[in-house]
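Letter 237 of the sequence shown, counting from 1, is numbered 237 in the numbering used here, and no numbers are missing.
Here is the structure we will look at, set down as structure tokens.
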Amino acid sequence: MSLAATARIVAAADGSLPVLQGEGPLALRRTRAPGPYTRVTVVGAMSAPLGGDRLRLEAEVRDGARLLVDSAAATVALPGRSGAPAAYDIALTVGAGAELRWLPEQLVSAAGSALRMRTMVELAGGARLVLREEQVLGRHAEGPGTLLSRLTVRHAGRLLLDQELGYGPGAPAGWDGPAVLDGRRATGQLLVVDPAFTDKPAETRLFGEHGVLAPLAGPAALVTAVAPDALALRRVLNEALALLSPL
1 MSLAATARIV AAADGSLPVL QGEGPLALRR TRAPGPYTRV TVVGAMSAPL
51 GGDRLRLEAE VRDGARLLVD SAAATVALPG RSGAPAAYDI ALTVGAGAEL
101 RWLPEQLVSA AGSALRMRTM VELAGGARLV LREEQVLGRH AEGPGTLLSR
151 LTVRHAGRLL LDQELGYGPG APAGWDGPAV LDGRRATGQL LVVDPAFTDK
201 PAETRLFGEH GVLAPLAGPA ALVTAVAPDA LALRRVLNEA LALLSPL
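Here's what the structure looks like:
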């Protein structure tokens, strides 16, 4: 049986969490945070998303607040009995002078699964964002499921980034070719939005053999990387994070 669940986080400038509401497989816990951040950890309360599931996670960072969201373990997309695809929507809102560090663990696309993931971010002027996405295509010694992922970011009412990716048997042809993954099974990106980039944009550079930083047309920088496995991918993105937005 498929399920529908929504979880909500609201962070205030005084460090409080006026709303911390989990549901179904999306359990939320306030955990110890580094520095000035309020920290929430997403704890998987059951196996999800399964085929047919409809999950939604919302986070609102009010003006002047600083929130860090991570997860206790990787999210594993699994096939369901119905054969229908699962959907996982993430909606993030960051107010003026606020900061969100969105740093979940990897999303693993298990063989036979089908998942549509959509992340939508609305940033006010002066907001800061650090957002990491990592996809691992298949568990050990298995092929990937079908994963369709879209990231849309708006800053001060203007579109900053709108990117759609597709991997696995149901994705458009060429996803595993030499121009895309070329046989690698881990891919990810790190997006940093910071008003400091307005006057001093980030400089294009390489990370490792298969990672690149590119400044965006706005106060932002995007690091994109592919790697043979999740560990190698995390090393690249950690190096980029330490350069662009250290704690």
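Just so it is clear, CB atoms sit at the ideal spot from N, CA and C, and this is done for glycine as well.
Do A179 and L233 have their CB atoms nearer than 8 Å?
Translated into the one-based positions of the sequence shown, residue 179 becomes position 179. Translated into the one-based positions of the sequence shown, residue 233 becomes position 233. Not in contact: A179 and L233 (Cβ atoms no closer than 8 Å).
In the structure shown, what three-state DSSP assignment does T204 receive?
Stepping through the sequence shown from its first residue, residue 204 is reached at position 204. Annotated three-state conformation of T204 is coil, per DSSP.
What's the C-alpha gap between E239 and A230?
Position 239 of the sequence shown, counting from 1, holds the residue named residue 239. Position 230 of the sequence shown, counting from 1, holds the residue named residue 230. Taking the straight line from one Cα to the other gives about 14 Å.
Check whether the region 137 to 145 and the region 104 to 111 are in contact - that is, three or more C-beta pairs closer than 8 Å.
At 8 Å Cβ cutoff, the stretches touch.
How many whole angstroms separate the CB atoms of S82 and T41, which I take to be in contact at a CB cut-off of 8 Å?
Indexing the sequence shown from 1 puts residue 82 at position 82. Indexing the sequence shown from 1 puts residue 41 at position 41. No, S82 and T41 are not in contact; Cβ-Cβ is about 30 Å, not under 8 Å.
Which class does L231 belong to by DSSP, given the choice of helix, strand or coil?
For this step, residue 231 is matched to residue 231 along the sequence shown. Reduced to three states, the DSSP call for L231 is helix.
Given a cut-off of 8 Å, decide if P79 and S113 are closer than it, judged by their beta-carbon atoms.
Sequence index remark: in the sequence shown, residue 113 carries index 113 (1-based). Sequence index remark: in the sequence shown, residue 79 carries index 79 (1-based). Yes. Within cutoff.
From this set, G188, A217, F207, G211, which residue's C-alpha is nearest K200's C-alpha?
The residue given as residue 200 occupies position 200 in the sequence shown. Taking only the C-alpha atoms, the option nearest K200 is A217.
Under DSSP, the beta strand (DSSP E) around D70 begins and ends at which residues?
Mapped onto the sequence shown, residue 70 falls at position 70. Taken as a continuous stretch (DSSP letters only), the beta strand (DSSP E) holding D70 covers 66 to 71.
At what residue ranges does the region 13 to 70 contain a whole run of the beta strand (DSSP E), taking only runs of 3 or more?
For the region 13 to 70, whole beta strand (DSSP E) runs of length 3 or above, ordered along the chain, are 19 to 21, 26 to 31, 38 to 44, 54 to 61.
Pull the bridge partners of V108 from the DSSP assignment, please.
Counting from one through the sequence shown, the residue named residue 108 turns up at place 108. Bridge partners of V108: V76, V136.
Using 8 Å as the Cβ pair cut-off and three pairs as the minimum, do the region 47 to 59 and the region 18 to 37 touch?
By the Cβ criterion, the region 47 to 59 is in contact with the region 18 to 37, since at least three pairs of Cβ atoms, one from each stretch, lie closer than 8 Å.
So A96 packs on D63, CB below 8 Å; how close in whole Å?
Here residue 96 refers to the residue found at position 96 of the sequence shown. Here residue 63 refers to the residue found at position 63 of the sequence shown. Indeed they touch by this definition, with Cβ atoms about 5 Å apart.
Three or more C-beta pairs closer than 8 Å, one from the region 151 to 168 and one from the region 97 to 104: is that the case here?
Look at the beta carbons and you see the region 151 to 168 not touching the region 97 to 104: under three pairs across the two are nearer than 8 Å.
Report yes if the CB atom of W102 is closer than 8 Å to the CB atom of R132, and no otherwise.
In the sequence shown, the residue the question calls residue 102 occupies position 102. In the sequence shown, the residue the question calls residue 132 occupies position 132. By the CB criterion at 8 Å, W102 and R132 fall inside the cutoff.
Taking the beta strand (DSSP E) that T93 falls in, what are its first and last residues?
As a position in the sequence shown, residue 93 is number 93, starting the count at 1. Its beta strand (DSSP E) spans residues 86 to 94.
Per DSSP, what are the beta-bridge partners of D162 in this structure?
Position 162 of the sequence shown, counted from the start, is the residue given in the question as residue 162. Per DSSP, the beta-bridge partners of D162 are T152.
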